[in-house]
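The block underneath contains the structure these notes are about, expressed in structure tokens.
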Amino acid sequence: MPDNPKAQNGASTAQNSTAYINARLVDPASGRDEPGGLVTEDGHIADLGAHLRRNAPDGMKIVDCGGQVLCPGLIDMQVFTGEPGHEHRETLATASRAAAAGGVTTIICMPNTEPVIDDVALVDFMQRRARDTAVVHVYPMAAATKGLKGEEMTELGLLKAAGAVAFTNSKRSISNSQVMRRVLSYAKDFGALIVHHTEDPHLAGSGVMNESEVASRLGLPGVPTEAETIVIERDVRLVELTGGRYHAAQISCADSLNVIRAAKARGLPVTCGVSINHLSLNENDIGPYRTFFKLNPPLRSEEDRMAIVQGLIEGIIDVVVSSHDPQDADVKRRPFAEAADGAVGLETLLSALLRLYHDGQSELAPLLRAVTTNPAELLGIPGGKLQSGEPADFILLDLGMPWVVDPDFLHSKSKNTPFEEAKLQGRVLRTVVAGQTVYTYANTVGHRE
Amino acid sequence: MTHNFLWQARLRGPHVMVRKPAWRLNAHRSFPMTDGINPHLSKGLLPRRTRPIEWPLMSIAVSKSDFSFSRRHLLGIEGLSLEDINGLLDLAEDAAELNRQIAKKQDVLRGRTQINLFFEASTRTQSSFELAGKRLGADVMNMPVSSSSIQKGETLIDTAMTLNAMRPDLLVVRHYAAGAVELLAQKVDCSVINAGDGSHEHPTQALLDALTIKRNKGRVTGLIVAICGDILHSRVARSNILLLNALGARVRIIAPSTLMPAHADRLGAEVFTHMADGLRDADIVMMLRLQRERMSGSFVPSVREYFHFFGLDHEKLKLAKPDALIMHPGPMNRGVEIDSSVADDNRSVIQEQVELGVAVRMAVLQALAQRLPNS
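Heads up: the protein sequence lines correspond to chains A and B, in order. Quick note on numbering: our numbering labels position 88 of the first sequence as 88, and the sequence is numbered without any gaps. Take the position in the second sequence, starting the count at 1, then add 449; the result is the number in our numbering.
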């Protein structure tokens with residue numbers, strides 16, 4: 001057990017030490033699930049374990065967790081903000097407050113801003129802007145090709161050295177296989193992760209939802225699942241050719257899952273993610289042309305959704321993301337085919353994920369692993385586990401608390417949530433980032449009732 | 450004025466000419482290191498260029514009369530025997546000394562016609578071959594491809610047949626397509642020298658590199674040679690891997706994966722994707738030119754990034770042996786693959802490579818000419 005004797009004797013604890021006692025410690029990294037407590041010091045976890053359940057060392061601030069779950073803060077690998085360029089949709093500040101309210105202590109920002117994050121100076125800008133305005137950790141993901149045009153690769157080596165945690169072409173696939181090959185090949189030399197949005201732009205064409213009976217009845221052009229599977233199959237072959245590390249950003253169907261499963265069985269450095277939307281919703285939710293359910297990739301059939309849930313439980317799917325994508329009313333209140341894609345999700349990610357726990361489909365740890373330990377390991381960033389020396393990024397969680405999603409109370413600047421009026425169970429009570437409490441449910445609850 | 454000067458010089462005669470002895474030209478390189486100890490002397494090896502100069506030299510192959518080149522063409526390093534290689538290098542070494550004399554003109558190729566046929570722009574290789582042929586007494590003609598019938602749609606083989614009808618003895622060919630020189634060689638009666646075919650081979654460059662190494666280090670065997678840069682498109686790298694392996698060197702190739710040929714590890718070199726690993730303890734650092742069109746995103750992201758990770762600067766050079774030689778086949782992109790001050794460092798033998806290029810090409814021309822009919 002990672003005990004720290006210095007913290008235990010209590011003599012040297014400073015005033016910036018806090019003890020969180022009487023908690024249920026849940027750490028998906030180590031498999032720990034036991035009553036205990038945790039001590040933070042200077043922004044890091046100094047000590048944790050059963051010995052801190054009732055008693056804290058003398059002289060430090062004490063927080064009684066009331067027996068609630070204390071687990072690592074979430075790491076959300078796919079967050080679109082509007083900064084720089086579209087601050088009316090979301091800024092790093094508002095996104096980070098939404099994240100804190102949802103128990104997310106680290107967000108990875110996607111590079112499809114204006115300008116595109118494809119230059120060292122812009123990575124630096126994002127880091128400084130986040131430091132000055134955000135209440136959670138922010139890491140930029142940089143563009144894999146210049147201007148996200150899919151033609152020329154960016155300075156992967158210099159960008160990684162500047163702090164970009166991974167590289168992506170954002171919402172567009174790199175359709176030129178030669179470019180994709182070179183990007184994977186070049187990235188391999190630097191150990192960089194390529195995160196790819198997988199949709200063949202030509203096959204997807206003008207499609208706006210899953211190609212299915214529902215689409216036919218609605219009279220909407222469809223996107224076949226093959227548009228996604230073809231790209232993933234190609235990419236897996238390119239990974240085999242180059243040895244580059246590859247992550248399919250969000251898969252949406254059973255066929256894609258099978259391709260990933262087969263690639264992993266062959267030992268290739270391939271991983272994949274899924275958005276909380278595709279885990280929770282299906283194409284029928286679109287109902288009467290509700291544009292808040294217009295996503296890319298589109299929501300698929302119920303069979304696909306169930307396969308994805310199974311893939312997550314089996315561990316074929318490594319990461320769950322919110323795919324938080326704020327869009328204002330102007331671009332959402334349009335005819336379905338003309339409306340923008342995307343949904344906000346930072347604040348509903350954890351509660352929606354816990355549906356699988358409350359339904360009895362999964363244990364708690366595998367679900368948490370997909371939003372904490374796994375993304376941390378993939379991106380090579382700290383956090384995602386409860387361990388001495390790790391950053392004190394964690395949350396207190398009331399697993400059972402029921403609540404109804406009311407868009408008016410979301411912290412995000414944009415309110416395009418597909419979980420409007422959804423009845424969820426499980427609520428973040430407190431979010432701690434680097435030892436500092438950045439969100440407490442008690443402070444906001446007054447506004448609700 | 451020039452005429453006057455030459456005339457006066459001739460009056461005074463060669464013995465009065467103020468000219469540094471040949472071995473002095475690069476003398477500073479014999480004592481390059483910080484501690485002032487000549488590495489050759491400390492190993493008891495004298496560089497060959499310090500031998501007394503035989504003067505005058507009437508033929509460059511007096512002492513090597515037993516050497517006979519085994520092939521009609523020089524199309525590549527591949528397939529050459531060790532005797533051929535060493536024979537050419539010995540000939541070239543004598544030619545190098547001859548080239549430092551005042552009277553450089555020989556007559557071993559008198560009456561022979563040499564045609565330089567360059568389908569790809571070249572300054573140093575073409576002029577080097579031209580000079581080599583002229584110094585051996587051949588009639589040298591440069592075929593200006595840009596204004597010739599090739600531009601009018603003639604096929605390579607028709608061009609070869611046309612030239613062949615003019616009865617040249619030696620044909621020096623550079624072509625942008627790999628294998629084109631060999632194809633041409635099948636259609637002509639003369640000897641053909643490959644002056645570079647696509648990304649395939651550039652045998653005279655490899656020979657001059659080997660000679661430069663040999664003259665500066667006293668040997669090639671056992672040395673670690675790190676070739677860095679655009680290996681994928683480099684004929685220089687391919688020829689050097691073959692030649693240096695044949696001479697017993699340990700060859701390393703260093704490039705980003707995008708500029709590394711497939712199955713590079715099967716080519717006879719150790720493969721590295723980081724300079725820090727590949728340069729460690731290298732005796733020779735050979736930088737390759739990165740062509741402009743390959744810099745902006747298609748193979749490497751930018752000049753800035755390439756120079757940061759793969760450009761030879763003093764920091765990276767520290768990883769190599771302290772007396773490592775710096776080589777470059779030219780033309781250099783200063784600030785792209787090589788730092789300007791490194792290119793001008795006293796360990797740089799880049800100018801000597803150019804000088805020995807003429808010597809190597811003289812050796813090749815002479816070796817092939819000796820096998821020509823009616824020789």
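Positions of the beta carbon are idealized from the N, C-alpha and C atoms, including for glycine. Just so you know, these numbers come straight off a predicted model, no measurement behind them.
Of all residues in the stretch 605-616 of chain B, none comes within less than 9 Å of chain A when Cβ atoms are compared.
When secondary structure is reduced to three states using DSSP, S280/A falls in the helix class. With its beta carbon at least 8 Å from every one in chain A, F756/B lies outside the interface.
Counted as a single uninterrupted DSSP element, the alpha helix (DSSP H) harbouring E228/A occupies residues E226 to T242. Annotation for I276/A: V320, V321, S322, S323, G345, T348, L349, A352 and L353 place their beta carbon closer than 8 Å to its own, counting only its chain and skipping 5 residues before and after.
For the stretch 156-169 of chain A, the residues whose beta carbon sits under 7 Å from a beta carbon of chain B are, in order, L156, G157 and L158. The C-alpha of D793/B is placed about 23 Å away from the C-alpha of R701/B.
Note that the C-beta distance between L281/A and V239/A is not below 8 Å. Against S747/B, the close residues of chain A are E151, E152, M153, Q178, V179 and R182, in the order they occur along the chain (beta-carbon pairs closer than 9 Å). R89/A and H197/A have their C-alpha atoms some 22 Å from each other. For T198/A, no Cβ of chain B is located within less than 8 Å of the residue's own Cβ. Going by C-alpha positions, Q815/B is about 37 Å away from V785/B. Distance between P35/A and P418/A, taken at the CA atoms: about 36 Å. Taking the C-beta atoms as reference points, R355/A is found no nearer than 8 Å to L396/A. In this structure T105/A touches D393/A by the C-beta definition: roughly 4 Å separates them, less than 8 Å. It is roughly 25 Å from the alpha-carbon of G528/B to the alpha-carbon of G582/B.
K415/A does not reach chain B, its nearest Cβ partner there being about 39 Å away, counting only Cβ pairs nearer than 8 Å.
In terms of beta-carbon proximity, P780/B stays away from the interface with chain A, with every pair separated by 8 Å or more.
The three-state reading of DSSP puts M110/A in coil, since its state is none of H, G, I, E or B. For the alpha helix (DSSP H) assignment, the uninterrupted runs of no fewer than 4 residues enclosed by the stretch 114-173 of chain A are, from N- to C-terminal side, 120-133 and 156-162. Close to chain A, meaning a Cβ-Cβ distance shorter than 8 Å, are the following residues of the stretch 706-727 of chain B: S706, T707, T722 and H723. Using a Cβ-Cβ cut-off of 8 Å, S648/B does not count as an interface residue toward chain A, since no Cβ of chain A sits closer than that to its own.
In the DSSP annotation of this structure, T91/A is not part of any beta strand (DSSP E), being labelled neither H nor E. With the criterion set as a beta carbon lying under 8 Å from some beta carbon of chain B, the stretch 119-143 of chain A has no members that meet it. Against K188/A, the close residues of chain B are S706, in the order they occur along the chain (beta-carbon pairs closer than 7 Å).
Taking the C-beta atoms as reference points, I313/A is found no nearer than 8 Å to H278/A.
R616/B counts as exposed, since fewer than 16 other beta carbons sit within 10 angstroms of its beta carbon. Per DSSP, reduced to three states, the secondary structure at L660/B is helical.
Counted as a single uninterrupted DSSP element, the alpha helix (DSSP H) harbouring R687/B occupies residues R684 to A695. Annotation: V752/B to E233/A spans about 33 Å, alpha carbon to alpha carbon. Neighbourhood of T242/A in chain B, by CB distance below 8 Å: S706, in chain order. With respect to W403/A, R427/A sits close: the two C-beta atoms are nearer than 8 Å. By the Cβ neighbour-count rule, D304/A is buried, with 16 or more other Cβ atoms within 10 Å of its own. A direct Cα-Cα distance of roughly 20 Å separates F567/B from I526/B. Note on the stretch 372-399 of chain A: there is no whole beta strand (DSSP E) run with a minimum of 3 residues.
In the three-state reduction of the DSSP assignment, L38/A falls in the strand class, which pools E and B.
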